[in-house]
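Protein chains: 4
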Amino acid sequence: MPKIVDVEQQRKEILFKCFDLFAEKGYANVTTRQLCQEIGISTGALYHYFSSKKILFEQLVDEISRQDALLLKEVVGNTLEERIRTLGQLLIQHEEHFLKQAIVWINFYQHNDLQEIQVNPIFQQVDDRYQQSMSDLLEIEEPKIARFIWTLINGVLIEQVGNAKISFADQIDLLTQMLIAYFAQNKTAIH
Amino acid sequence: MPKIVDVEQQRKEILFKCFDLFAEKGYANVTTRQLCQEIGISTGALYHYFSSKKILFEQLVDEISRQDALLLKEVVGNTLEERIRTLGQLLIQHEEHFLKQAIVWINFYQHNDLQEIQVNPIFQQVDDRYQQSMSDLLEIEEPKIARFIWTLINGVLIEQVGNAKISFADQIDLLTQMLIAYFAQNKTAIH
Amino acid sequence: MPKIVDVEQQRKEILFKCFDLFAEKGYANVTTRQLCQEIGISTGALYHYFSSKKILFEQLVDEISRQDALLLKEVVGNTLEERIRTLGQLLIQHEEHFLKQAIVWINFYQHNDLQEIQVNPIFQQVDDRYQQSMSDLLEIEEPKIARFIWTLINGVLIEQVGNAKISFADQIDLLTQMLIAYFAQNKTAIH
Amino acid sequence: MPKIVDVEQQRKEILFKCFDLFAEKGYANVTTRQLCQEIGISTGALYHYFSSKKILFEQLVDEISRQDALLLKEVVGNTLEERIRTLGQLLIQHEEHFLKQAIVWINFYQHNDLQEIQVNPIFQQVDDRYQQSMSDLLEIEEPKIARFIWTLINGVLIEQVGNAKISFADQIDLLTQMLIAYFAQNKTAIH
DNA sequence: AATGAATGAGGTTTCATTCAT
DNA sequence: TATGAATGAAACCTCATTCAT
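In structure tokens form, the structure reads like this:
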């Protein structure tokens, strides 16, 4: 028998440690050596789990999006307005996490050639997962609207990344109000 | 004496050619060699005009933001609603340009260490310029709101980058409606 | 006690599977991991049987040369000419095997530092074995001649490796004729 | 104007220095770092001239084969027998060079996947060049025969590489005799 | 005897930048 | 001014081998 290691567990732990590093410095600015050093494994071990830095990164994005989907499931509420407010609170509560997610997501855009990204199945899958989460939690059937809301949230997140002029909470509050105002005027879109 | 004009002219032409390249492939994925080859100058010449790739990039972002400020000045209208609609039309009309601007802006985020960016004077300056443009054209005095709108626009732009699931025009339309709904409910913010 | 047989058996089976792999891709282009995967054993097991990739390789070359010696013993004939023709037929009959042997032999040359190979006892032993085979089967006492013939055969084999411009059979036929012509003129060398 | 360098000249000088190194240690056993150090250039410079180690190697093989073709042009003689003897003398005279060529040629076989080599245009070109040289200098019209002779010569060269049991001169002498004996019996093949 | 996760030195290659001309 | 050959640190990755289990 080999060394007793829960491979899947180890894989995820590496991923989570990378999440922090990539979010802090950016994918391109973290070398595999640094990665290994900070994680506390050898380069060989890293490549034992992930066949390339790029693959590791894709699996990271995938993993995080799954986590996010679970997190977002916590949003509940009887009315759309309530659910929007709860979503806002959730985002603020997990500000750090969602900020990191946004950075990593942007890194993902950047690293792949922009033509390449559109045919990347991981990208599509993750992208759909976020849209689905929004549809589910807000109970919005119109996919355009669900996607649009996630677009706006991402905009706010990205704005925060390099920029502390307005607090995240303030921007999310504004967004919440705006969404509520919009849906108040467009009852047909509401369930 | 007249040479100075040529130098400045040449500098800007290089910048504009780089704009396209960076927008297409991303800052990190374009080497100086490629850059020079596409532009049609030698590496030596490039370094004559710009002391480093990073400096070139910063000047590019600066230059584009100045252009954008001019473009955005074209937005006029008697009421806030009218101005918002005109802004939407302007963005759709210059879709390609604003998309490229968004990509380059994201590249800027990415390239700099995230701590570093907050102390980068060019970044601050450009960032303020966009906020100012929004304040001016929409005639919104509350800087938070002005900045917030630009944040949302950037969110929509970035969403478009690697992703053609909803057309830019559709997303901008939604944003326009949302903003109008919001301001209709918050008259105090309007002039 | 009976285990010893199994071990030896297993050792040889590994060797034969490696023969195919090395012949197909070349020693340097097959990693131990690939080797183990194709063979269906773990790296640990491989290192249980062979203390290094190099040792495995040497033992492979040794094993194959023993096999070849047995194969070549089948050549018989009353006259030198007859024996030469029979040798030619044997080579053509076992074309694939001898081709693989030639590739592996070349790999052996390549892998060792060229100075190192001359002091490698396995190399010397195998080399002598082929020479001896030629001496025996053709009943040529002059070692120079025996060795020379094997040299030419190897030349033909190697030529075949990456190159299908002339069929192996054609080249062996030519060689056969040439040898017969030569010995017809040099009766003293014949028995 | 750039540093004044005869690029083509420099390219060839690098190639010739590599020839010695590869012949001495084998392609796989020379690292690019070693290569650069021995040549006296930086890794960057090497990659300025050759886009990869493999490409460098292919161009080396190509260049050497061109050289060889020129060398082999020196063989002249009124009869086929005379030309064969002169060829033998030339080979012995340039023993070191042809040995190195043989090593490099074998390295070339080894480095490429064996399937790959058959579609490598450089390989085909070089291969044909040697065959053409043999056709030309011996004035043999039958391509099979010309190729076959080069095959045998290569066999002798390769035998020499790791193996000093018979001198090169002796083996070449034997080959010369054998060829003469063969052609004496097959007048139709002679011009 | 067997497993396969882990090691880490070292390989090839890249690329912003410099500098002789 | 302009050229492009040259630099070299550092990037990603490989792979024979080890060793805890």
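Residue numbers (our numbering), protein chains in the order written: chain S, 1 to 191; chain D, 1001 to 1191; chain V, 2001 to 2191; chain Y, 3001 to 3191. Ideal placement from N, C-alpha and C gives every residue a C-beta, glycine not left out.
Open item on the list: Can you check which of these residues, V:2172, V:2138, V:2058 and V:2144, is closest to residue 2120 (chain V) by C-alpha distance?
Closed with: V:2058
TODO: Kindly indicate if chain D contains any beta-carbon less than 8 angstroms away from that of residue 129 (chain S).
DONE: no
Open item on the list: Can you tell me whether residue 3104 (chain Y) is helix, strand or coil according to DSSP?
Closed with: In the three-state scheme derived from DSSP, where H, G and I count as helix and E and B as strand, residue 3104 (chain Y) is classed as helix.
Open item on the list: Check this for me: beta carbons of residue 3177 (chain Y) and residue 2148 (chain V), under 8 angstroms apart or not?
Closed with: no
Open item on the list: Residues of chain S with CB closer than 8 angstroms to the CB of residue 1226 (chain D), please, in chain order.
Closed with: Shown here, chain D extends from 1001 to 1191; a query on residue 1226 (chain D) therefore has no answer.
- [ ] Could you check how far apart the C-beta atoms of residue 3036 (chain Y) and residue 3046 (chain Y) are, in whole angstroms? I think they sit under 8 angstroms.
- [x] Right, the Cβ-Cβ distance comes to about 5 angstroms (below 8 angstroms), so this counts as a contact.
- [ ] Starting from the C-beta of residue 186 (chain S), find all residues in its chain whose C-beta is less than 7 angstroms away, skip the five residues before and the five after it, and write them out in chain order.
- [x] none
Open item on the list: By the 9 angstroms beta-carbon criterion, what residues does the segment 52-67 of chain S contribute toward chain D?
Closed with: none
TODO: Drop a sphere of 10 angstroms on the beta-carbon of residue 1016 (chain D), count the other beta-carbons inside from all chains shown, and report buried for 16 or more, exposed for fewer.
DONE: exposed
- [ ] Quick one: give me the first and last residue of the alpha helix (DSSP H) that residue 1088 (chain D) is part of.
- [x] 1080-1093
Open item on the list: The alpha helix (DSSP H) that contains residue 1026 (chain D), what's its start and end?
Closed with: Segment: none, residue 1026 (chain D) is in no alpha helix (DSSP H) and carries neither H nor E.
TODO: Report the neighbours of residue 3144 (chain Y) on chain V: residues whose CB is nearer than 8 angstroms to its CB, in chain order.
DONE: Near residue 3144 (chain Y) (Cβ distances below 8 angstroms), the residues of chain V are 2166, 2170 and 2174.
TODO: Give the range of the alpha helix (DSSP H) segment to which residue 1167 (chain D) is assigned.
DONE: Run containing residue 1167 (chain D): none; DSSP gives neither H nor E here.
Task: Beta-carbon contacts of residue 2083 (chain V) that lie in its chain and below 8 angstroms, excluding the five residues immediately before and after - done: 2075, 2076, 2077, 2137, 2138 and 2139
TODO: Identify whether residue 1096 (chain D) lies in helix, strand or coil by the three-state DSSP scheme.
DONE: helix
TODO: Go through its chain and collect everything with a Cβ distance to residue 1112 (chain D)'s Cβ below 7 angstroms, but skip five positions before and after it.
DONE: Excluding residues within five positions, the ones whose Cβ falls inside 7 angstroms are 1120.
- [ ] Determine contact between the segment 3100-3107 of chain Y and the segment 3030-3044 of chain Y, defined as no fewer than three beta-carbon pairs at a distance below 8 angstroms.
- [x] With a cut-off of 8 angstroms, the segment 3030-3044 of chain Y and the segment 3100-3107 of chain Y do not count as touching, because too few Cβ pairs lie within range.
Open item on the list: Do residue 3181 (chain Y) and residue 2164 (chain V) have their beta-carbon atoms positioned less than 8 angstroms apart in this structure?
Closed with: no
- [ ] Output, in sequence order along the chain, the residues in the segment 2147-2167 of chain V whose CB is closer than 8 angstroms to any CB in chain Y.
- [x] 2147, 2148, 2151, 2152, 2153, 2154, 2155, 2156, 2158, 2159, 2161, 2162, 2163, 2164, 2165 and 2166
Open item on the list: Here's the rule I'm using: 16 or more other beta-carbon atoms within 10 Å means buried, otherwise exposed. How should residue 2169 (chain V) be labelled?
Closed with: exposed
Open item on the list: Just checking: is the beta-carbon of residue 2185 (chain V) within a distance shorter than 8 angstroms of some beta-carbon in chain Y?
Closed with: yes
Task: Secondary structure of residue 3005 (chain Y), DSSP reduced to three states - done: coil
Task: Within-8 angstroms CB hit, residue 3010 (chain Y) to chain V - done: no
Open item on the list: Helix, strand or coil, according to DSSP, for residue 997 (chain D) in the structure here?
Closed with: In the structure as shown, chain D starts at 1001 and stops at 1191, and residue 997 (chain D) therefore has no counterpart that could be examined.
TODO: Measure the Cβ-Cβ separation of residue 3146 (chain Y) and residue 3131 (chain Y) and say whether it is below 8 angstroms.
DONE: It is a contact, given that the beta carbons lie within the stated cut-off.
Open item on the list: Going by DSSP in three states, residue 50 (chain S) sits in which element: helix, strand or coil?
Closed with: coil
- [ ] Can you give me the Cβ contacts of residue 54 (chain S) inside the same chain, cut-off strictly under 8 angstroms, excluding the 5 residues immediately before and after it?
- [x] 111
Task: Contact set for residue 2143 (chain V): own chain, Cβ-Cβ below 7 angstroms, skip 5 residues either direction - done: 2131 and 2135
Task: residue 41 (chain S) at chain D interface by Cβ criterion, 8 angstroms - done: no
Open item on the list: Contact defined as beta carbons within less than 8 angstroms: I believe residue 3126 (chain Y) pairs with residue 3065 (chain Y). What is the distance between those atoms, to the nearest angstrom?
Closed with: 4 angstroms
- [ ] Within 10 angstroms of the Cβ of residue 167 (chain S), are there 16 or more other Cβ atoms? Answer buried if so, exposed if not.
- [x] If you draw a 10 Å sphere on the C-beta of residue 167 (chain S), you find fewer than 16 other C-beta atoms in it, and that means exposed.
Open item on the list: Below 8 angstroms on C-beta distance, what does residue 3106 (chain Y) contact in chain V?
Closed with: 2106, 2109, 2110 and 2158
Task: Through-space distance from residue 3060 (chain Y) to residue 3049 (chain Y), alpha-carbon basis - done: 12 angstroms
TODO: Measure the CB-CB distance between residue 3154 (chain Y) and residue 2158 (chain V) and report whether it falls below 8 angstroms.
DONE: The answer is yes: Cβ separation under 8 angstroms.
Open item on the list: Rounded to whole angstroms, what is the Cα-Cα separation between residue 1034 (chain D) and residue 1027 (chain D)?
Closed with: Approximately 11 angstroms between the Cα atoms of the pair.
Open item on the list: Output needed for residue 1032 (chain D): all residues of its chain with C-beta closer than 8 angstroms, excluding positions within five of it in sequence on either side, in chain order.
Closed with: 1043, 1046 and 1053
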